[in-house]
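Residue numbers (my numbering), protein chains in the order written: chain Z, 618 to 1231; chain Y, 618 to 1231.
There are 2 protein chains.
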Amino acid sequence: MSSQPQNRYKADLRDLHFVLFEQFRLGEVLGKAPYDAWGEEEVKLTLGEVHRFATEVTGPLNGVGDREGCRLDNGVVVTPKGFKEAWQRLYESGFKSLGVSPEFGGQGAPRALSVLAGELAAGSNVAFDMYPGLTVGAAELIEAFGTHEQRDKYCGKMFGGQWAGTMCLTEPQAGSDVGAATSFARKNADGTYSITGTKLFISGGDQDITDNIIHMVLARTEGAPKGTKGLSLFIVPKRRILADGSAGASNDVKTVSLEHKMGIKGSSTVLLQFGDDGQCIGELCGGEELQGIRQMFRMMNYARIGVGLQGLGIASAAYLSALEYARDRQQGSSAKEWKNPDAPRVAIIEHANVRRMLLWMKAQVEGIRALIVKSAIHLDQAAVLAGKDDKTALYHQGQVELLTPLIKAYASDMAFQVSEAAIQVMGGVGYTQDYPVEQHCRDAKIFSIYEGTNGIQALDLVARKLGQAGGANTQRFLGDLAKFVAEHGSHPVLGPSVQNLGKAQEALGGSVMQFLQWAQVGEIDRVQLQANRFLTMMSELTVGWLLCDAAVIAVDKQKALPEGDPDRLFYEGKKQAAIFFASQVVPGIVGAAKMIATGDRSAIDIPTAAFATV
Amino acid sequence: MSSQPQNRYKADLRDLHFVLFEQFRLGEVLGKAPYDAWGEEEVKLTLGEVHRFATEVTGPLNGVGDREGCRLDNGVVVTPKGFKEAWQRLYESGFKSLGVSPEFGGQGAPRALSVLAGELAAGSNVAFDMYPGLTVGAAELIEAFGTHEQRDKYCGKMFGGQWAGTMCLTEPQAGSDVGAATSFARKNADGTYSITGTKLFISGGDQDITDNIIHMVLARTEGAPKGTKGLSLFIVPKRRILADGSAGASNDVKTVSLEHKMGIKGSSTVLLQFGDDGQCIGELCGGEELQGIRQMFRMMNYARIGVGLQGLGIASAAYLSALEYARDRQQGSSAKEWKNPDAPRVAIIEHANVRRMLLWMKAQVEGIRALIVKSAIHLDQAAVLAGKDDKTALYHQGQVELLTPLIKAYASDMAFQVSEAAIQVMGGVGYTQDYPVEQHCRDAKIFSIYEGTNGIQALDLVARKLGQAGGANTQRFLGDLAKFVAEHGSHPVLGPSVQNLGKAQEALGGSVMQFLQWAQVGEIDRVQLQANRFLTMMSELTVGWLLCDAAVIAVDKQKALPEGDPDRLFYEGKKQAAIFFASQVVPGIVGAAKMIATGDRSAIDIPTAAFATV
């Protein structure tokens, strides 16, 4: 039923433009190196084209991919019908190399544009988008750390879509605990390595789309120390590379099995066996051993923001589907006429409870979009200022570090919750496969798990990011927020909302102090018990801030517009979303801080055997 | 992979016994009419047998049913392999007639036992359990309202499992708005009615399990008023009943299509067309027109508690699956040794964040179990006291009325969230179909939608139940809670937890007053905006109360036990779950009340066209 109009992928481009140009003033970096080729016109045109591609090419394959899924046929993964053609059209379009450097045929676009193109790609078909998404990630690893020869050999073909790429970290006994990996790389006389080992949950680990697949494999070399420090990163093609640069014979990488998953069924997830016959040859990325975890971690922020983008894309798609349905579906009469059986039926969006759910969804979607674009603009600013004002560039880079776990975890949790709300708004039909929202909900569940579970994101935030650079990143973040609160606490429309931010910030600061105090007395488990709650609080505070920031701009702009201008409604929506979130979500942060302050350790105190008698 | 041991259905019978006999003292009603045939021994024996049936018969079919689903073959629904045999074994066992009156071959068991048998049935295979569950519901309708002849004709065969039953309310244009139904019943000369109309989302609307299906159909008679008051209830068999009581020729009920759903795939959900050829004959249930909505509503509490049971069953199964996995799966080392790569691996249940998720799940599952058994015991008390102490019986009945929307909505929301947490605990493997938790999550999503969406439950609570009997039910409820708080506020172990209940109760009372005030000035939409939040608050408060109540008992019992007695651990678990919930969930009620008090109406104020520009 994917041809039904209600299943068409939709995005609110007006909001994307607002966030880029009105809220985060992308114009300030456009025209400056390295973004000298980009102007506002080009950015908007590109977004429009990406949107059209998402609507016409990848979007219509979303339901197909889910229903067909992948299958393993004689050791080869067969992807859903249409995926191969979509891949070809994608690489003809050039949209997947927006952020790639011109050296490899890319367009060197600002990251703020790349992330919103990423939202559209993921939102229209997240399962399909995994293949090119991971390919870019793998190619960027080689670009950043590979030798000159490796860059020449792989990057062009990978960025150009001839070959695909994967990330091979997880092993059956090494999931969150990456350092437990036992895949082994024995150095050969010619400088190559013979790879053996098993890698689990490899997205795009096999497919029938590209001629070759370049696996980035973490493995241990002889004599390497235990744990993550003993890992090295290898480039392991599915088919060996011939002297002329083309793909030759098999490199002894076997696809053993295919996972059957709750969602992202169009994305193949496989178990790979490397070197079962002793014939798997890899090259050491960059030529230096024991750099694997450092290299992987350097790319980790991008990968994690990428998951946040998946969350944003799915949440936005689910919201707009539910919104369209709620505007169309007639059911019940106005609450004011509930005793009158002759009252006319109204669209369900007229019911208070449905409006509340929709406004909550809107606020989350637009707030998370602002959060992600904020981090992207920080990166763009850092790129523009590099070598000119390194101190400010460092500030920008620091904010990205701090915001990354928030983006990954909060956007993924909210994608699932917004999709759930979309089902709820639509009722029984939302539960059927006639509409896309139940698929969105299933697809979204993996986001909180891969690229570091949200539990790991929370530990990254409290144990690493909060104190990074001697706490300077956190202080600058809180300082920026405090400045906003001070400037707008008496705003005629948004004053009370902004004051709620101030109270929440104070509460959050209290929790940080509490964590420090526990850490000083060695009560690390108290911190760990509350890390996820803290991440949610800090995310809600940031989203609330950015919604209010957008609303302050919107209120000003609205005033300047004549009656009847359609943008007046758009700005009104921005205003109400901010008021809603500041009143109905942000105050919960204060309560959450109180729950942290209890220091409750019942979850530690309960004996493991006391959880149940079975 | 359903044969893997980790997929076996599990239930913590020790907790079921605790709730029945230690917390709610079922013993006090056993042995008294109408439960004179039942003693503690019989109850425990029966639960054990039902548990065995769930583990051995329905449980192993849960994954099969999901993967096979139902299909429509030439107008006939084909159910998953094994369902028909399971049905036969179920009716041989007699477990489905536990609560049925002896008049129809049932065992007249206390409802407290029936609900826990229901938990096991739903938890092991909720899709399968829909067929007998709806059959019992339909038969109870005829038992309660049918003529003597109708009871003779249908009830025995339906309670005995020869025939199945369905509830046909929803139509394409009449979902939540039941009164918009247009199915029509024209009276024939012989007193029967000719039925025409379309009914949507009919669970068990067709199947290949039973010889006949008895549809309970809401339809309008000639000249009937608009809205729900114009509805009458008809008994419409799939096959006409012959003079000898057996099933004869087709009754012109066509299965037009089958829904493809996110979950409960083993349960058929169909669109039925009644009387397309003018040959569909129904009988008026009870012989009186325009009684349909009253009759349906009388059974509604049971149906809604039934959905709560589905939620409890799924939540418990998901929790115990995740718990088992967390005890087995080795990953990472103890937090105390996080810098030591040589530290031994530990089970993931040793990690603080995993323990926190598991304890939250445990508290929800056991608290919701107590909530449902509390309502069942109220019913059992009402049955025992009927005709002896009608005033007290009325109190008990009133508590059931009040608790029903909480049970339906909160248990269904939590089933989804607990299943999500189970996936999160298990990580990547939880997202695969190798384990049952992703199916639990998909199955559970429908619970918040059918039998009245949770939005409707919330309106039922605030607009109807809170003020029912002049507010007496609510006052008695709050009085019972206040008594508990007064009695145990200085408890040596649970005092601080109980005090949190007191603060939350005060906050909840404030929200009730706020609602009254808004209602008095006609600001109904403010109440509607906050109804769902209020339902969650009241549910959390009730669950927190019942967990503390259980913990007070547990602390006493634990003291009396010698070291090494395994029940000491069980009681310790009850204690820690209560402390956790009172410290980490209940205080949120105070914050939620503050958010209600803001009176925010942004979701009303936002123009419908301002939600998005697409």
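Just so you know, even glycine gets a beta-carbon here, dropped at the ideal spot from N, CA and C.
Contact between the region 1030-1045 of chain Y and the region 1001-1011 of chain Y is absent: fewer than 3 CB-CB pairs across the two stretches fall below 8 Å. For Y/L689, the enclosing beta strand (DSSP E) stretches over residues R688 to D690.
Proximity of chain Z to Y/F638 at the Cβ level (cut-off 9 Å) is not reached, the minimal Cβ distance being about 15 Å. For Z/A1000, the CB contacts under 7 Å within the same chain, skipping 5 residues up- and downstream, are P651 in chain order.
Here Z/R837 has A798, T799, S800, F801, A802, G847, L848 and S849 as same chain residues with Cβ atoms under 8 Å from its own Cβ, once five neighbours each way along the sequence are excluded. Between the C-alpha atoms of Y/P677 and Y/Y626 there is a straight-line separation of about 8 Å. For Y/F1187, the residues of chain Z that pass the 9 Å Cβ criterion are A1227, A1229 and T1230, in the order they occur in the chain. Considering only beta carbons, the part of the region 921-951 of chain Y lying closer than 9 Å to chain Z consists of Y936, L937, L940, E941, A943, R944, R946, Q947, Q948, G949 and S950, in chain order. When DSSP assignments are scanned along the region 749-786 of chain Z, the uninterrupted stretches of beta strand (DSSP E) that are 3 or more residues long and fall wholly within it turn out to be 780-785. With a threshold of 8 Å between beta carbons, Y/Q1116 makes no contact with chain Z. Secondary structure at Z/E900: strand, using DSSP grouped into helix, strand and coil. If only uninterrupted alpha helix (DSSP H) runs of at least 4 residues are considered, those enclosed by the region 1087-1175 of chain Z are 1089-1105 and 1112-1137. Rounded to whole angstroms, the gap between the alpha carbons of Y/N1090 and Y/L758 is 26 Å. Under DSSP, Z/V1035 shares a beta bridge with no residue. When the five nearest sequence neighbours on each side are left out, the beta carbons in the same chain lying within less than 8 Å of the beta carbon of Y/R1093 are those of Y1012, G1015 and Q1016, in order along the chain. When rounded, the separation of the alpha-carbon atoms in Y/N970 and Z/G1072 is 7 Å. Remark: C-beta atoms of Z/G822 and Z/V887 approach each other more closely than 8 Å. The three-state secondary structure of Y/E788, taken from DSSP, is strand. Between Z/F745 and Z/F700, the CB-CB gap stays under 8 Å. Contacts with chain Y at 8 Å (Cβ-Cβ) do not include Z/P697. Approximately 4 Å separates the beta-carbon atoms of Z/A726 and Z/L715; this is inside 8 Å, confirming the contact.
Between Y/A1075 and Y/L1152, the beta carbon gap of about 4 Å places them in contact (Cβ cut-off 8 Å). With its beta carbon at least 8 Å from every one in chain Z, Y/R688 lies outside the interface. Relative to Z/D629, the option among Z/K1100, Z/L940, Z/P1113 and Z/Q908 whose CA is nearest is Z/L940.
In the DSSP assignment, Y/T1070 falls outside any alpha helix (DSSP H), carrying neither H nor E. With respect to chain Y, the C-beta atom of Z/I819 has no partner C-beta closer than 8 Å.
Our two residues, Z/G723 and Z/G1190, have alpha carbons roughly 36 Å apart in a direct line. Going by beta carbons, Z/K1025 and Z/G925 fall inside the 8 Å limit. Look at the region 1028-1053 of chain Z: the residues with a C-beta under 8 Å from a C-beta of chain Y are F1033, E1037, I1040, Q1041, G1044, G1045, G1047, Y1048, T1049, Q1050 and D1051.
Remark: three or more beta-carbon pairs, one from each stretch, lie closer than 8 Å, so the region 1148-1166 of chain Y and the region 1096-1109 of chain Y are flagged as touching. The C-alpha of Z/V1231 lies about 15 Å from the C-alpha of Y/L976. In this structure, Z/A1148 places its C-beta atom within 8 Å of the C-beta atom of Z/L1078.
Within chain Z, the C-beta atoms nearer than 7 Å to that of Y/D959 come from K843, in chain order. The closest CA to that of Z/R1185, considering only Y/G840, Y/P1224, Y/M1043 and Y/M913, is found on Y/P1224.
Assigned with DSSP and collapsed to three states, Y/F1064 falls in helix.
What Z/S874 touches in chain Y, judged by beta-carbon distance under 8 Å, is nothing: the nearest beta carbon there is about 10 Å away.
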